[in-house]
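As structure tokens, the structure follows; a few thoughts come after it.
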Amino acid sequence: MSISATQAADLALLLREASRAEILPRFRRLGADAVRAKSGPLDLVTDADEAAERVITAGLEKLFPGCVV
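In our numbering, the protein residues as written are 24 to 92.
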């Protein structure tokens with residue numbers, strides 16, 4: 024799959040916005056209850072990870088209709 028320069032710029036903006044809105048506000052501020060094991064004790068996920076994933080997934084589906092995320 025190739026993307027245009029405009030799509031690449033839109034994708035970069037999406038990632039910046041997800042970081043700004045979901046990751047940076049929580050950076051070094053997560054309580055123990057905001058971190059948990061996903062598939063095993065070394066596979067950790069945070070509330071910030073899951074929130075950013077929701078934003079990015081929705082954005083990708085909008086930017087690239089029909090894409091599999």
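Backbone N, C-alpha and C fix where the C-beta goes; we use that ideal spot for every residue, glycine too. Since the structure is predicted, the reported quantities are computational estimates derived from the model, not experimental observations.
Burial state of residue i (16 or more Cβ within 10 Å)
i: Ala71; result: buried
i: Glu45; result: buried
i: Ala31; result: exposed
i: Ala41; result: buried
i: Ala75; result: buried
Residues that residue i bridges to, as DSSP identifies them
i: Leu67; result: Ala60
Cβ separation of residue i and residue j, assumed to be a contact under 8 Å, to the nearest whole Å
i: Ala60; j: Thr69; result: Actually they do not touch by this definition, with Cβ atoms about 11 Å apart.
i: Leu86; j: Leu37; result: 7 Å
i: Thr80; j: Val92; result: 5 Å
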